[in-house]
Structures are given as C-alpha cells and as structure tokens.
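Below you'll find the structure, written out as structure tokens, and then a few comments.
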Amino acid sequence: MATSKISDPFHVTAVIVSHDGAIWLPEVVAALSSQTRRLDQIVAVDTGSKDKSAALLKAAKIPVLAMPRDAGFGDAVYRAVEKFPKSNNERNEWIWVIHDDCAPKSDALEKLLVELVDRPNVAMAGPKLLGWHDRSHLLEVGVSITNNGDRWTGMEAHEYDQGQHDGIRDVLSVSTAGALIRRDVFEELGGYDPQLALFRDDVDFGWRIRMAGHSIIVVTDSVAFHAQAAASERRSVDVEGAFLHRPLLLDRRNSAYVLLANSSAWLLPWLIVQLITSAAIRSIGYLIAKLPGYASDEILAIASLIFRPAILRAARKERRIHRLLPPRVIADFIPPRLTQYRNGLNNFLESIRNRIFAKLPTDNDIDEEFNDDADLLTPVKAFNWGSVFKRPHVVLGISLFIFILLSSRSRFGSLIGGALATTPHGTSTLWRSYIESWHQVGMGSSAPTPPWVALLSILSLFFFGKPAVLVSLFIFFAPALMAVSAYKFLKIVTANSWLRVSASMLYAISPVAIASVNTGRLGTLVLLILLPWIVASISSLDNFQRISWRRIFGVALLISIATSFTLMVWLAVLVVTAVGVGLDIRIFNADLNKELFDQKLKRRIALLATPVIVTAPWSLVAIINPSRFLYEPGILLSGGGPNLAFLGNPGGPGALPWWAISPLTLVLIVAYFARTQLRKVAQMGILFLLFSVALSAISITGNGTIAPTQLWVGVFLAVATLAAVTVGAIILNDLRDYLIATNINYRHILSACLLIITMGYSATAFSWNISQASSSPVYTKSVNILPEYLGVEADAKTLVLREITNRDLTSLAFYISRGSDIALGEPDVAPIQDPAIAKAVIELADGSGLTTSKTFADFGIKYLFAKNPIDKDVVSTIDALGGFARTSATTDGIVWKVSKPTGRLVFTNIKGEVTLLASGGIGVTTSVPGPGIITLTENYDLGWQILQNGLKLERSENEDGLPQFKVLETGEFTLIHDGTLRRGALSLQFIAWVVLIILTLPAGRRKREISEMELS
Amino acid sequence: MKFKNGAILGAVIAMVLLATNLFDANTNARQYSKSYPAVVCPPNPAGVTTTTSVSSKKTPYYRIGNKSTKLVNIKTLRYSSVSDPILLQTEGVTPISFQSRTSVWAGSVLCTAPATSQWFVGGTSDVSSKGVIYLVNSGLSVAIADIFTWSENGEQAVKTISLKANSTVAVKLDSLAPGDSNIVVKVVARSGRVNSFLVDERVKGLQKLGGDSVNAISAPARKLVISGIPQQIVKKKVPTHYLRLFVPGVADANFTLELLSSNGRFIPIGYNERKLISGSVVELKLTPEVAKGAFAIQLTSDQPLVAAIRSRTTSNGVSDFLWSTPSPALAPMQIAIGGILPKIIFAGDAIAIDLKVEFSNGKVKEQSITGSDLVSWQVPNNATAITVLRAGVDNYAGALIAAKSGYAFFPIASGAELTKVAIPSSNIRVLNP
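For the protein sequence lines, the chains are G and D, in the order given.
No gaps in the numbering here: position 179 of the first sequence is 178 in numbering that gives the first Met the number 0, and each next residue is one more.
No gaps in the numbering here: position 393 of the second sequence is 392 in numbering that gives the first Met the number 0, and each next residue is one more.
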C-alpha cells in the first residue's frame, strides 16, 4: 500500500466495484497503490465477473466481496460499506468509490482531502474526470441533469482540457467514479438508490445529499481517468432490471426515474410531457441514424417507468423523509434551457465543421520552420489574371453562361409552352393538387398526381415558395447543371481537364439536352442532370456485390427522384437490370457461386423495386395501364421519329434540325469495335440508342390528349448520349499519346473525322439554338388563353376550341377548362374527354350537331370559347347550328353561352323540373328543394358521396357516365369526394421516402462500434 | 471477329431502322369527319298543299315548331306537311317539296341545309304581291337574320328578324320594298340555323295570277346556267320570259346570255356584252324563237351576279308562272323525286351523265344521258330517287314538273353538301398559351 506523506483527520476507505474489468484493473490497482495520501482501508466488490477481475484483485491482496452478476452498483458499494468496520472518527470517515475502469492520479485523493479540511458541510467530493485513452479529453467536472433527463456535464464534445474549468465549485453531483463520500451521510441516506442499479445513481445521490442540506464539490486539482466502460458499451450490462442488457434503455429509464422521483410534485406533469417528447424526438433521430435499437430504448425506457407508478411513489416517499431543504435549492444546478440549446447547437456545428474541414491543414501540419532569410530570397509571385481565363473550368463556365444567356433570351420570367403548363403562383396550389383525391381538370379525374409535383413543391420552398421561380431557374441553369455533373462524372475516365470540359460541354449541348430545355421536358432534364451521378455511383455492371447497401439505396434514391418525373427512367433501369442479370447468370453458370449471385440479385432488385415503391400509387397505376410508363411530365408533345432518334436527336418541337448531326452514333459505333472496357460502354449506349429508335415509332395518347403523339424518347437517348460522351472522352484520352507517337494511319484519319464532326456539330448546335431562341416552344408567359371573365363563375366549365399546330399541320382541338389555363401537374392527371363530348364537338365543327348544345349542357359545359385565330367557317357553323348564344367576340376569341341552363350540380325534381344548385370547389354544402335526382357534372368516381342527415344518398351512374344521387327529402346536404384512400396511399409514400432517405444517410454507430480512441 | 461483330451490328441497326420506319405511326394523317347536315323543308302556307318526297321511309324527321325535337322515322315516301316546316336527317339525299294551291299554282323547292346566306331572285312588292318569305329557325336557340332587299329602285331598308328557337316567321314581300315590282332578296343568318323559303304569289284584284316557290341561290357568280325554262308555244306565239338580274357588287357588269336549246345554241340579239348597272334589279324580256319544250340559258359576266327567269305556263288550263333558277354544275348526288315525275333538262357543251334510278318496288335502273347543248329526260313512273353517278364537266340540270295546278321547277342540286371537316381532337394543349 502507498505510504502516507500527509497528515489529516480523515479516514478513507476505497471501495472498488469490479465487473468484467480485467482490462483496466491492473492500472486502477496501481493507481490506488501509488496514492500520495495513503488509503486507510481498501475493499473490493466483484459482481460475478466472468474474466480475471476477482483474481487480479486478490492477487493485489485486496479483500474481495463476491456478489451476484446482476447486483447493482449501489448494492455493491453498500455491501462493502456494511462489511468494513466503522472507525472511531465517524464524522471524518469517508468512502472513496472507485470503478474498475477509473484510475485516479497519484495525488487525486490528497487533493480531494485538502479541500475538505475547511469545508465541513461537504458530504461528497469528486475529481476531474479525463479520458482513459486521450488523457487531455475532459469528461466531467461535476454532473447534473437536464429537464428532459439528459446527463449534463456542460462539456463540448471531445473538449480539450486546458484548465478552462479548473477550480473548486459546488455541483449537483459528481460521478460515482472517484466520488469521495462521507460515510455517515451515505448510511443516513441509505446509499445509492437500489432502483438505480447502474447509471444516474450519481445524480440521484447528489440530489438527495443536496436536499438533505449538505454540499457537494468538484475538485479539479484531483484528476482521475475514466474509461466509461459500461456507458460506452465496452462491457455487458447485467444488473437486475437491465432489460435485454441494453445500457441506453437503462440509462434513459434511470434518468426519468431521477427526475420524477426528486422533482417537486407540481412539476411532474410538465416533466412527463418533456420526457415523452424528447424521447420521441430522440427516437426519430436514432431511426434516421439507422439505430432502431436505440430508438426503441428511448420509448421502452419511458414506458417501463410510466406504467409502474408504484415504484415512483415509493421513491418519492423515501426522499421526503430525508428532505430538509426546499426543491428550489436544486434549480441553480439545473442547466438553463438556453445553455442546453447553445451547447447542442455548438456540438452540431462542430460535427459539421469536422466533417467538412477535417482534412484542412492546421498550423501543426507545417513542419517547415519559418525561415526569414529563405522567405526574402523567394521571388514575389505576381498573380497573372490572364491565366485565370486559361483554366478549363473557367472556359467551361464562361462559354456555357454565354450560351445559356443567348439561348434563353426569350425565357426570362415565368415560363410556359412546350410541355410546360402554367406554373401556379404559390407552392400551396401545387401541394393541394398533389394531396387532393379529385382534380378539376376537364370532366374531372381521380388519377394520382405524380410525385414530381410534391418534389417541386418542396424545392420551391427554397425559392420563396414560388414554383415559377424554381422552374425558370431550373430551365435556365439546366445546361450548366448537366455540364457540372458530367464534368464530375468524367473524372472517372480521364484526368485531362480540357477533355473533361469539352466532353461535359458536348453533353450539355447534346441534341437531347437542347430539345429538353427548349420544350421544358422536366423529366428528361432531371435525368440528364442525375444520370452522371447515378452512373458514377455504380460504374460497372460487374462486381455488384461489392457495392455497399448504403450506396445502393443512394443510387435508388437518385433513380427514384428521376422516376418521380417519368416512369421511362424505370424502364431504362429495367433494361440495365435485365442486362446485368443476364451477365450474372453467365458468371453463375461458370463458377456456380450461388451466394455471389444472390448478393448481386438482391442489390439489383433493390434498385429496381425501390423507385416503384416510393412512387406508388402513381407507379402502380402505370402497372395497370402500361402506356403510362412512356409519359413525360406535362403536355404530351411528339418526338421526331426513328430516323432522328438514330442520330441521337429526339426530334419534335424545339429540337435541332436533322442536318445538325451529332457525333453520338458514330462515336458509339467506333467504340463498339474496341477490345477494352470501352466496348461494354459502347454496347450499352448502342442498346439504348436502338431502344430509342424502336420506341420512337410508337404513338401514344394520354395526358389529356387523344391525338396519337409520337413518343418522345429523350430518356433513352440521355443514356446513349452519356455513353457516347464517355467513350468519346476515353478514346481521345487513350489515343492522344498513340497518335503523337505513330505515323499517320487510319486511326489518325478516324480521329480527325470524329473531331471535325464534333466541332461541326458544336458550331451548328450553338448557332442554331441561339438563332432560334426567340421561337423556342418554351417562352416567357405573357398572355392567358382564357379571358379573365370566364373564370369568374367558380363552377363554370368552358369548352375551348383552338387551332393547334403539330408537325406543321394545323388542326382544330378542344378541351374543357375550369375557368383558367392548364396548370403544372394538371396534364398528368387530365382525363381523356368523354366520347359523347368528343362526338358533340365533331358535330359542332361539321355543322351536323343538332343536339350539341344539349350534350354540352348535360355535361355542365356553360360556355364555348373559340380562341383566335380560328377558321371563320367554324365560327359561322357554330353560329348557324343553334343552341349557342354569342356573348362576346373580342380579339381573344368568341364566346358562346350554351342556351340550356346548366351547372355543376343539377337537381331534377320528380316532375322533371331542373334547378341549378350552388357549387364551387370540389366539395360543397347546400340545400335541395325536395325529392328528386342530383346530377353532378363530373366524371363518375366511387369517391363521390352526398351526405344528408348523416346518411349517404344512393349513388348511381347515369347514361352519360356522370354520378347522380337520389334525394328523398328537402334539406341541406354535403357533397364530398372521399379521399381516404389517397391520404392513406400518400402516408405510405411518405414513410417509404423517409425510409429510403434514412437508408441513404450515413448510419450512426453504436457506442460499442466506436473505437476507444475516439471515445476518450 | 471484328468483321463478324460489325456485320451483326450493321444487320441489327438496319433491321431496327427498317422495322421502325415501316411501323412508324403516321401522325401526320389528319382524320376527317364526313357528314351531311340535316335539311329543312318549307312550311305549308294556308290553302297550299305541301308534299315532300323522301327516298326512305326510315328517314328521321321532326316538325319544327313542335315541342319535341326528337327525331323519328317519317314512315312514308311522300310526306304531307300540316303547317310547320320539317327537319329531315336525309344523309345526303335531297328531298323535294312540291307545293300547290289547287287550280292556281304549283311550285317546288329543294329542301336544304341551313345556310348563312341565301339569295332569292323572284317575287314582287307591288300591289299584286301576295308573296311571303318564310324564315325557319331549326336551331335550339334564338336566331337572328337580316333580310336585305334590292329592287329596281336600288337597295331597300334592311329588316332584322329575331327568330325564337325551333320556330318559323313569315315576312310579306310587299313589306320589303313597298310598291316595287322587281325584287331580289338576300337572307343572312347572323346567328342560328336559318333556312328561308320564298313563295311568290300574285293577284290582280280578284284574279289569281299564279304563283311559285322560288328556289334559293347560294351566292352570286360570274357564270350562271339556268336549265329548264319551259317554252310553251300557244298558237305559234312565242312566249315572253322575264329575266331578272342583279349585280350586288359596286361595279357594273357586262354580261352575255347564251341560249341553249334543242335547236342549238346562240346569243340572242342584244344579249352580247350587255351592260348591267349594279345595285338595282333589272328585268329583261326574252322571247327566244326556239322549239317548244324547254331551253336553257348561260350567263357569263365580268362581275358576280344573281339571276332567275320567270316564265308563264299553262297546265290543264290553269295559267301559272314559274321561276327557273340557276343550277350548280352537276356532281354526284341524290334527289328524292317520288310522286312528282319531273322532266329533267340537261344543259352543257358535252352532256355525259350516268344516273341511277330507284323505283318504289325496290328496283334500280341505270341510265346514261349523252348529247350536247340540251337534253331532256323524263323520269320514269314509280321512280322514287335519282342518283347522279357521274357527270361531265360543266353539265347542268333543272327539272320541270307539269302538275294539274301548274308548272313547277327545281334545280338539280344537292340540298346538303357533304361536310368534310378535320375531326377536332381532345387536346389539353389548347389550354396552354
């Protein structure tokens, strides 16, 4: 034992509690032995250690008391105190509680006792605790508890000990590791609470000491090193009541216990709310960090306590016996809320800073000594501004900016045209259209809105809640975003910056990119931007098993975002998956490694299934109606057909003319004959090119259009384009040295041809796009189709007749408007017009429709609007047909009112008399004058319901396909469209996205997974 | 190996391109809707009998003015009107309405589809006039029509008529240009489905001078052919015909009248490059010395004009007059002529017409008409419809009906032109600026 060098009135008995602590015990025993102030007594309690802890203690000639493995820490200390005899100097007898993973410095006890000499009111004192491994890491200088049960030390994460907290101070409590406790007080209070077998027993005990009128101090001159083995899950927690041996569960349960057992009664409700709320928030945080065990610990901990109030009642009763002071004496030791927040924020910012600037050189990294002489000899470097403009990135940025600026000169402001419908003013409109189960488009539709509308709504929050700003900026910067993503991606294939710049520039001005920007095809644009990131993440179809699940889900997230815009992306993934599985089968047949095959297959299925799951129910509708896999967001616009597609040009409005031939196809074909990996990329590119050619021959109808429209294959061409850009960059990168070193041969000629075609294409694409900018299909919105006054009546439908031009052919088209132009997202849910309406319009145009106006009235169409310019014959035919009364003729067009009274809600009484009922919006509450039939002039849907006196009225579908309801009595009724299914589906979709994002985020680590060095 | 790969790639590309080009949907093809608008037959004035010939008993119709506008089958080949005009869904067959006031006059008109403008060359506003112009609105909303009238005294005040839905309005001719003898009327439908029918009835004191249903002219033209002018020579006296002409434009016209008859073709004296002042109606006497039966005239002018010719006829001792109006060039068409046995007068340089005649017993007979200048053909008994299958260039025809109450004329023309319009398609793009 250590020799005593100092004389003091105290009698100190050290109590070591060991539990599988063989790793740390030798140093702990040594530390106790070398104390400058000799210990008067030392005793150890071993709680059923499975390692050599007991043997080690015995070998050090320390008396060891054996206790069961599930004995609590407090029980062990109390048992030891009971066992050793009391000294004569009872007032000065102290217990020094030592953990088996806590080694005090040699003068720790001495420093503690020195401070106790003149402080008779102190009943407990503790040392400053530093990390076991990093001994400059400050762990604790006293401890407290926050209102939500968190252990509060006031320290920042990994705070470096520079003496900043040194001094002697009153604290709520000190850690049990190294706590020096007056024996009489310990015994008087009954020691540590047996309910707190481990964790928070220190805070509770300190709280009780304080309430009993004593004081507690921390003495920072006294230092101990603590491994925090139990808290950091370095050993199992086996104490009684530690459900499933989970430290966090025990910790959270005990923290709640401490608060609820010691706080004043009137604070209890508020504390319970706080505990539950903070537990819920922490659970979510743990879920996001993919630590579901910890999340469940949080909930279980609170539940296990709240559902057993008898324990708390007993604890509070016990504390009342020893309480001498009012509860407010504790308030000074509870950290203010502001301090807690500030500390939390600091820790958060620090973690971000560490993540971002972890590798920045610090002053310590400078190993060269500062040499004034050498500095003087170094010539002053003058910064040459001209060199800036020779940097590839700068060249790329400037040229792209000029290109974008010139080709977007008619696109400053809110955009319209092409595939883009009018963007709503506020994000709330977009949200509503996403959430609502019924869309008032045409004759109405219950089709699910695609998820891109929700994504746009979320993103527009960052643009002052203005989706129009977001869309305009997105279209404006799309070429730049494409170039940047391609530039980043090409880092994989070449280190040559100039080559990367040129290739990424070509990607940004590829035919598919130009056509997509000019026509506002959001789906293809998003894919063009995300595709390089996707491919960069999974650059090979082989070795799929090596890709981490987190990366797989990261890629799945990117694919899901792109799929949210167009399901054609999913088709492309399906093609890639099919090719990948084919390769896997070939490999499996060769090596018969089923595990490898399964691992690859699981990953491929995850990539394929995730986008479908997160975009359900929208994607599920496409499974029922497969043509929906081929739609782009917005208005259906035709593509250019197979021949243009073969040249890599999707065609259609806003696309480059055929004579602007891109080198895409040629590059892919040339690369196809390579013998390297290049060929695989070229094969994939050619595969997608041929898919584009094949699909571009298909005509589809949909998105509110029944005119067969040639399929736009931008998505497939985007993949082919990226493949071509990639192989082009690789070819030029690899060939450069070869061409320099060899005499002129066919490779030189081929390369020259490729370069000439590429340059020719670049010049053509640049000049054409800039010159045609003013006639771009997407342009700044300046006018509305519908005159304002047609939008005044909330429930009025207007059939709009207008001549539209498609592929140089002008034809008459029509659609039903609900008082305004079509808005973003609406074409995607727009129904195909009812055949009866279509027939009526045809008869209207050819003059044979005697009953056209009646048909219109039956469907609730109040107005007919012929938008100028329109064929005069059509106007005179309508005039001559009858059933329509002209109400206005302006430069905008001519408006006729349907003669027969009509509206959205039409009531027909039993005598056949018709009354129009007030109706605005989707649902309405109004009254009906008597028994009869209410006809709703919206498409029939099972969601339509009318409730009268709490009962649903009988619903049926009339011969026009409209819902009608049988009314039996006079009175008020409510029309609703039941969106329960939609809301349920959206909830599931939300959960699916959250899960996907969580799976993509970096996972949190369990404490046992963190290295000891990191911990302390 | 490279060659093999290249060949495979080339073959695949060629195959895909070939297949896709073959199956490339032709979205350029515009779809058309072809339909015949419904035709409207004239109302039946008091004391007049109006019978309409149709080609099928299943022809849908309804009476304009009735509350119900539901189309029902007509169930007869000769429909006798009560008073209201009727609307017929004949799908291209032109019905003929034959009208007669017993022992006073007879007339016939084509049932036609509503038109935005119709010209009537005929009638009078002087004291002898008992004529009426009927405006029929077959639409389901109020129609508005303007009646423009010109006479020998120039343009008269415009009369605007508002017609209730599914109704008929009668306007007396003597109210259009009071006191004037020679009038030309133009009815313009400002809105709605409007048909107009002009009945020219005249009296002199208590003496009934006869009457006729005047067929409408669709628009003024530089070339007009009136085929089917009756030439009744009584006691070797050549009858006088009255050619009413009107140049609606601002410029005066120079016109030439060529007469086509079984005796050949010639320009009567004074009708070569004859000047016609615009803006006022002119009536010229024409006394051609041609063989009895019928003849035709061809008017060529440097300005668009409208014309009709009034001829006096006697049938069964009843003196009547009829208005022969211009016919359009013959084209494939079908006319229902059941029960009226017309004689059709074909005119043209080279007449070559193939006809199909349908009989009430269901039989069908094809007939070729050939000749030059003028050919007459009597429709056989029990014929219900004739179809012009083919017609030579610039062949024209008009039909004359000799009835107990008088003579009637109608031009061989289609009452409802096949309407071919591009089918409007449902396309949400119309709502996007």
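Note that CB positions come from ideal geometry on N, CA and C, so glycine has one too.
Of the residues D:Phe196, D:Val317, D:Gln297, D:Leu109, the one placed nearest D:Ile146, counting alpha carbons only:
D:Phe196
#### Entry: Of the listed residues G:Leu904, G:Leu259, G:Pro103, nearest to G:Pro25 (C-alpha basis)
G:Pro103
Under the assumption that D:Gly130 contacts D:Ala307 (Cβ atoms under 8 Å), give the Cβ distance between them as a whole number of angstroms.
The Cβ separation is near 14 Å, so there is no contact.
Using the Cβ count rule (16 or more neighbours within 10 Å means buried), how would you classify G:Arg307?
exposed
| query | What residues are listed by DSSP as bridge partners for D:Tyr60? | reply | D:Val71, D:Leu87
- Item | Boundaries of the beta strand (DSSP E) in which D:Gln230 is found, first to last residue | 220-230
Please state the DSSP three-state secondary structure of G:Trp617.
helix
Q.
Counting only beta-carbon separations shorter than 9 Å, does D:Ile225 have a partner in chain G?
A. no
task = Tell me whether G:Glu368 sits in a helix, a strand or coil according to DSSP, three-state version.
result = Because G:Glu368 sits at a pLDDT of 45, beneath the cut-off of 50, its placement in the model cannot be relied upon, and the following sentence gives the value as read from the coordinates. Coil at G:Glu368, not helix or strand.
Count the other C-beta atoms from every protein chain shown that fall within 10 angstroms of the C-beta of D:Ile343, then say buried if there are 16 or more, exposed otherwise.
buried
Exercise for review: Would you identify the three-state DSSP class for G:Asp250, choosing helix, strand or coil?
Suggested key: helix
Cβ closer than 8 Å: which chain D residues qualify as neighbours of G:Asp878? Thr115, Ala188, Arg189, Ser190, Gly191
Quiz prompt | Boundaries of the beta strand (DSSP E) in which G:Thr1036 is found, first to last residue | solution = Nothing can be reported for residue 1036 of chain G, as the shown portion of chain G is limited to 0 through 1015.
**Asked** Between G:Thr565 and G:Tyr293, what straight-line distance do the alpha-carbon atoms span, to the nearest angstrom?
**Response** 38 Å
In terms of alpha-carbon separation, which member of G:Phe185, G:Thr609, G:Ser852, G:Arg627 lies closest to G:Ala991?
G:Thr609
- Item | Nearest candidate by alpha-carbon position, reference D:Arg309, set D:Pro113, D:Ser54, D:Leu109, D:Asp199 | D:Asp199
Apart from the five residues just before and just after D:Ser116, which ones in its own chain have a Cβ nearer than 8 Å to its Cβ? Lys185, Val186, Val187, Ala188, Ser217, Ala218
Taking C-beta to C-beta, are G:Ser214 and G:Ile333 nearer than 9 Å?
no
Notebook entry, point to check: Any Cβ of chain G within less than 9 Å of the Cβ of D:Leu8?
Noted result: yes
*Going by DSSP, what residues sit across from D:Gln366 in a beta bridge?*
D:Leu354
Along the chain, where does the beta strand (DSSP E) that runs through G:Ile298 open and close?
First-last for G:Ile298: 291-305, but that is the alpha helix (DSSP H), not the beta strand (DSSP E).
inquiry  = For D:Asp319, list the residues DSSP reports as bridge partners.
reply    = D:Thr312
- Who does G:Asn908 pair with in a DSSP beta bridge? G:Gly931
Just list the residues that DSSP pairs D:Ser171 with in beta bridges. Looking at the sequence shown, residue 171 of chain D is not Ser but Lys. In DSSP, D:Lys171 forms a bridge with D:Val131.
query = The beta strand (DSSP E) with G:Ala446 in it runs from where to where?
reply = Per DSSP, G:Ala446 belongs to no beta strand (DSSP E) and is neither H nor E.
- Task: Could you please give the first and the last residue of the uninterrupted alpha helix (DSSP H) stretch that includes G:Glu26?
- Result: 24-32
(Q) Run through chain G and tell me which residues come within less than 8 Å of D:Val429, C-beta to C-beta. (A) Ile784, Val799, Leu800, Arg801, Ile803, Ala812, Phe813, Tyr814, Lys866
Requested in this report: Count the CB pairs spanning the stretch 417-432 of chain G and the stretch 808-828 of chain G that are closer than 8 Å, and state whether there are at least three.
Outcome: yes
Ordered list of alpha helix (DSSP H) runs contained in the stretch 539-574 of chain G, each at least 4 residues = 548-564
Item to complete: Can you say whether G:Trp269 is buried or exposed, counting buried as having 16 or more other CB atoms within 10 angstroms of its CB?
Response: exposed
**Request:** Kindly give me the distance between the Cβ atoms of G:Tyr191 and G:Gly343, rounded to whole angstroms, as I take these residues to be in contact under 8 Å.
**Result:** Actually they are not in contact, since the Cβ atoms of G:Tyr191 and G:Gly343 sit about 29 Å apart, beyond 8 Å.
**OP:** Please report the residue range of the beta strand (DSSP E) in which D:Asn253 lies.
**Re:** 252-260
Practice task
May I ask you to report which of helix, strand or coil DSSP gives G:Tyr285?
Solution key: helix
D:Pro410 bridges to which residues according to DSSP? D:Gly397
Which residues mark the beginning and the end of the alpha helix (DSSP H) in which G:Ile739 is found? 713-740
| In this structure, does DSSP put G:Asn1047 in helix, strand or coil? | No information on residue 1047 of chain G is available, as it lies outside the stretch 0 to 1015 that chain G covers here.
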